[in-house]
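Quick note on my numbering: the sequence shown kicks off at 14 and runs consecutively.
Cβ coordinates follow ideal geometry from the N, Cα and C atoms, glycine included.
These notes concern the structure reproduced below.
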Amino acid sequence: MSLDGTLAFLEIYWPEILSILALVSISGFFSGSETALTAVSRSRIHTLEASGEARAGLVASLIERRDRLIGALLIGNNLANILSSSIATSVLLGMFGPSGVAFATLAMTVVLVVFAEVLPKSWAISTPERFALNTAFAVKLFVAVVGPISSGVNMLVRWILGLFGINLSRETSMLTAHEELRGAVDLLHREGSVIKADRDRLGGLLDLGELEVSDIMIHRTAMRAVNAGDPPEVAVRSILDSPYTRLPVWRGSTDNIIGIIHSKDLLRALAEPDARADQIDIVKITQKPWFVPDSTKLVDQLNAFLRRKQHFAVVVDEYGEVQGIVTLEDILEEIVGDISDEHDIDIQGVRQEADGSVVVDGSVPIRDLNRALDWRLPDDEATTIAGLVIHESMTIPEERQAFTFYGKRFIVMKREKNRITRLRIRPAEEEAAGPTSITPTKAV
Numbered sequence: 014m015s016l017d018g019t020l021a022f023l024e025i026y027w028p029e030i031l032s033i034l035a036l037v038s039i040s041g042f043f044s045g046s047e048t049a050l051t052a053v054s055r056s057r058i059h060t061l062e063a064s065g066e067a068r069a070g071l072v073a074s075l076i077e078r079r080d081r082l083i084g085a086l087l088i089g090n091n092l093a094n095i096l097s098s099s100i101a102t103s104v105l106l107g108m109f110g111p112s113g114v115a116f117a118t119l120a121m122t123v124v125l126v127v128f129a130e131v132l133p134k135s136w137a138i139s140t141p142e143r144f145a146l147n148t149a150f151a152v153k154l155f156v157a158v159v160g161p162i163s164s165g166v167n168m169l170v171r172w173i174l175g176l177f178g179i180n181l182s183r184e185t186s187m188l189t190a191h192e193e194l195r196g197a198v199d200l201l202h203r204e205g206s207v208i209k210a211d212r213d214r215l216g217g218l219l220d221l222g223e224l225e226v227s228d229i230m231i232h233r234t235a236m237r238a239v240n241a242g243d244p245p246e247v248a249v250r251s252i253l254d255s256p257y258t259r260l261p262v263w264r265g266s267t268d269n270i271i272g273i274i275h276s277k278d279l280l281r282a283l284a285e286p287d288a289r290a291d292q293i294d295i296v297k298i299t300q301k302p303w304f305v306p307d308s309t310k311l312v313d314q315l316n317a318f319l320r321r322k323q324h325f326a327v328v329v330d331e332y333g334e335v336q337g338i339v340t341l342e343d344i345l346e347e348i349v350g351d352i353s354d355e356h357d358i359d360i361q362g363v364r365q366e367a368d369g370s371v372v373v374d375g376s377v378p379i380r381d382l383n384r385a386l387d388w389r390l391p392d393d394e395a396t397t398i399a400g401l402v403i404h405e406s407m408t409i410p411e412e413r414q415a416f417t418f419y420g421k422r423f424i425v426m427k428r429e430k431n432r433i434t435r436l437r438i439r440p441a442e443e444e445a446a447g448p449t450s451i452t453p454t455k456a457v
């Protein structure tokens, strides 16, 4: 087309061209606003609103009803797209006849994709909070006008989907609040914004509502206790030699816990005038034991510790038999990691070998191993690493027997009676089967 032809075209069709440009801009506005308002962080908007940002309140009210918001924006976006395409088709039909439909389709596809979709959405997703704040007032006005139509469309959509057995609810989220927080923390950790230690602490806090006392308790096989039937001087020496300030006291059998002895109470008794270790009756200075079910959620047990101002409880199963003990420190360690002092015995039970394998005591909790080595072994069905091997293999393995599952090779190094006491773990070979396959072999 020559220069004169172009000028003549603009002179004749300038109202239509301006209309198309305006409609494409409006379509881009709706596309960018939709992207920004759906991608914006609710917590960030809440923080801005609390700090006095008036526009943040508008954004919060808009995203509170996302279905109504998106419906209104889609209506505006489609109206602008359809109207601009219709005008372009009318203009090109007048110029080229029937072939103008093809020219209009090609031209408007390129224009709408670039300037009404990709460009505004890319801009909005790069700075969703700023974009949402700047467009909130205009979007609020539009939603107020088109909102009733959007609600009607949503009702029609819900009714149609209901015919196919699909029910939509504004109140139901596919992810719980804890899952959303955990996903956000994991994502920020992968991006480098949150270090591993902070991720573990936040993850431990979120896990309190899912874990039970049985998952973290000190099992009865590893529990230190005092026999009330021992001679007084033996019992006193046993308490003073212990690295723990509280110990359960039993009589007859370890299932018969009759009290909890605190080392401070013992020291007070020994500080009395003329007090002698061989004359101390430790039963008289014990405190009443507190028994809790092994199925108690950790968050409930933490609240109970704080409410009762106690630090120590005896864990029993549904039959009332002693399964172990749990302390306030055990629960806090689930959040902040291992808490050690100058009296703690440092027995980690995990040793890194030069060949890249890891030698682990069978009693090491799976959660501790995952946290220390950044692994993802499941702990739903078993608490310890030995329990995981037994659960997955569905047998009590022999020494030197090996299994492959969850991307790891587990080799039983030592077994005492029916207990696996030591394992070697190394990455599974590339030719091993899937992540949950079990291939028992004799290790060489």
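Would you call residue i buried or exposed, if buried means 16 or more other Cβ atoms sit within 10 Å of its Cβ?
i           : result
residue 226 : buried
residue 292 : exposed
residue 145 : buried
residue 437 : buried
residue 94  : buried
residue 127 : exposed
residue 283 : exposed
residue 294 : exposed
residue 248 : buried
residue 265 : exposed
residue 402 : buried
residue 63  : exposed
residue 111 : exposed
residue 162 : exposed
residue 28  : exposed
Suppose the cutoff is 6 Å on Cβ atoms and the five residues either side in sequence are ignored; what does the same chain contact list for residue i look like?
i           : result
residue 311 : 221, 224 and 344
residue 213 : 384
residue 43  : 86, 89 and 90
residue 337 : 230, 231, 232, 233, 236 and 328
residue 98  : 121
residue 339 : 226, 230, 326 and 328
Please determine, among the options, the residue with the shortest C-alpha to C-alpha distance to residue i.
i           : options               : result
residue 411 : 45, 391, 432 and 420  : 432
residue 418 : 198, 389, 52 and 206  : 389
residue 400 : 413, 373 and 385      : 373
residue 79  : 156, 237 and 91       : 156
residue 121 : 105, 136, 111 and 134 : 105
residue 129 : 176, 300, 172 and 47  : 47
residue 371 : 118, 295, 435 and 308 : 435
residue 366 : 324, 440 and 430      : 440
residue 253 : 237, 107 and 268      : 237
residue 300 : 266, 315, 235 and 258 : 258
residue 256 : 376, 277, 363 and 142 : 277
residue 141 : 62, 169 and 53        : 53
residue 8   : 421, 428 and 229      : A question about residue 8 goes unanswered here, because the residues of the chain that appear run from 14 up to 457.
residue 269 : 333, 286, 324 and 288 : 333
residue 102 : 32, 207 and 314       : 32
residue 193 : 179, 219, 180 and 63  : 219
residue 58  : 73, 51 and 377        : 73
residue 77  : 137, 167, 165 and 51  : 51
residue 326 : 27, 143 and 272       : 272
residue 369 : 82, 49 and 422        : 422
residue 114 : 125, 100 and 313      : 100
residue 307 : 137, 330, 45 and 147  : 330
Going by beta carbon distance, what residues of the same chain come within less than 8 Å of residue i, once the five residues before and after it are set aside?
i           : result
residue 150 : 68 and 71
residue 188 : In this predicted model, residue 188 has a pLDDT of only 47, less than 50, meaning its place in the structure is not dependable; the value taken from the coordinates is given anyway. Excluding positions up to five away in sequence, the list reads 196.
residue 244 : 291
residue 349 : 214 and 217
residue 404 : 394 and 395
residue 347 : 217, 220, 221, 224, 229, 311 and 380
residue 158 : none
Would you give the residue range spanned by the beta strand (DSSP E) that residue i belongs to?
i           : result
residue 429 : 421 to 429
residue 440 : 432 to 440
residue 304 : 304 to 306
residue 374 : 371 to 374
residue 364 : 363 to 365
Check the Cβ-Cβ distances between residue i and every residue of chain B, and say whether any is below 8 Å.
i           : result
residue 224 : In the structure shown, chain B cannot be found, because there is only a single protein chain.
Identify, in the order they occur along the chain, each residue of the same chain with its Cβ nearer than 7 Å to the Cβ of residue i, setting aside the five sequence neighbours on each side.
i           : result
residue 183 : The pLDDT assigned to residue 183 is 49, lower than 50, so where the model puts this residue is not dependable, and the model offers no usable value.
residue 153 : 71 and 75
residue 204 : none
residue 207 : 198 and 201
Just reading off the alpha helix (DSSP H) that residue i is part of, what are its end residues?
i           : result
residue 293 : First-last for residue 293: undefined, no H or E at that position.
residue 413 : Neither: residue 413 is in no alpha helix (DSSP H) and is coded neither H nor E.
residue 137 : 132 to 139
residue 321 : 311 to 321
residue 7   : The displayed coordinates of the chain run from 14 to 457. Any statement about residue 7 would go beyond what the structure contains.
residue 116 : 113 to 124
residue 109 : 79 to 109
residue 210 : 209 to 220
Would you mind listing the alpha helix (DSSP H) stretches within the stretch 244 to 282 that are 4+ residues and don't spill past its ends, in chain order? 245 to 254
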